[in-house]
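Report on the following structure.
In this note's numbering, the protein residues as written are 126 to 339.
As structure tokens, then:
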């Protein structure tokens, strides 16, 4: 499976670098090795993407290397697909115009050149922009409320789609599905103004994290 390249100020680590900007240079040279748990999550995300794009859920949908990994680790593909379908059903019920595995530009927030994040699903329906994330882990419950990763994704999505939809977008709603831990999605709803204000409020911290103090 190909290696995963992460931004220095990655959205997934935003809670850390916003709380402690000085942690960024300390972690910059740490090895970026993908654990077996992360690989399993990556496979689940690939399946979710393919199903949302119209492919039928099946144990045969895995790529050969994915199937080999699951078999080698004794992991049940049918069980995984059952969890994935909870997320797929949640996204599907939202309706609207859907964009799967949407790459988002975050440079205006993090100051990092070519900074991007990838949202599992972005949906625009009526006056609301939805950003939904699948968390396949089951160790720690992740809440959408005050979640900086989800808010960064929402800012990136707003930047991408505002030129198209403009003032028609009045609310931004983030949702986290963690089907192996809970059957209820965690959600947060903000007005566009509230989200933009939050984005402005974290810019000095992001600048310090990226460039260093002063």
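Virtual Cβ for every residue (Gly too), placed ideally from N, Cα, C.
In chain order, what residues of the same chain have a beta carbon less than 8 Å from the beta carbon of residue i, not counting five sequence neighbours either side?
i, result
"residue 279", "254, 256, 297, 299, 315 and 320"
"residue 339", "Confidence at residue 339 is low in this model, with a pLDDT of 46, below 50, so the placement of that residue should be treated as unreliable; the coordinate-derived value is given next. Excluding residues within five positions, none has a Cβ falling inside 8 Å."
"residue 223", "177, 216, 246, 247 and 248"
"residue 307", "266"
According to the Cβ coordinates, are residue i and residue j closer than 8 Å?
i, j, result
"residue 267", "residue 246", "no"
"residue 260", "residue 301", "yes"
"residue 182", "residue 210", "yes"
"residue 170", "residue 191", "no"
"residue 252", "residue 293", "yes"
"residue 227", "residue 310", "no"
"residue 173", "residue 213", "yes"
Excluding sequence positions up to five away, which residues of its chain have a Cβ less than 7 Å from the Cβ of residue i?
i, result
"residue 130", "Caution applies to residue 130, whose pLDDT of 38 falls short of 50 and renders its modelled position unreliable; the value that the coordinates give is listed next. Excluding residues within five positions, none has a Cβ falling inside 7 Å."
"residue 189", "none"
"residue 324", "234 and 280"
"residue 290", "249"
"residue 295", "252, 316 and 317"
Which same chain residues end up closer than 6 Å to residue i when comparing Cβ atoms and leaving out the 5 residues on each side of it in sequence?
i, result
"residue 313", "269, 270 and 299"
"residue 305", "208 and 263"
"residue 185", "none"
"residue 204", "none"
"residue 179", "none"
"residue 206", "182"
Tell me which residue opens and which closes the alpha helix (DSSP H) that residue i is part of.
i, result
"residue 191", "189-197"
"residue 165", "161-177"
"residue 290", "273-290"
Opposite residue i in the DSSP bridges: which residues?
i, result
"residue 313", "299"
"residue 249", "222 and 254"
"residue 230", "241"
"residue 259", "302"
My understanding is that residue i touches residue j, with C-beta atoms under 8 Å, so please give their C-beta distance in whole angstroms.
i, j, result
"residue 264", "residue 136", "Contact doesn't hold; Cβ gap of about 19 Å is too wide."
"residue 284", "residue 233", "7 Å"
"residue 231", "residue 277", "6 Å"
Taking 8 Å as the CB-CB limit, is residue i close to chain B?
i, result
"residue 247", "Although the question refers to chain B, the structure presented lacks it and comprises just one protein chain."
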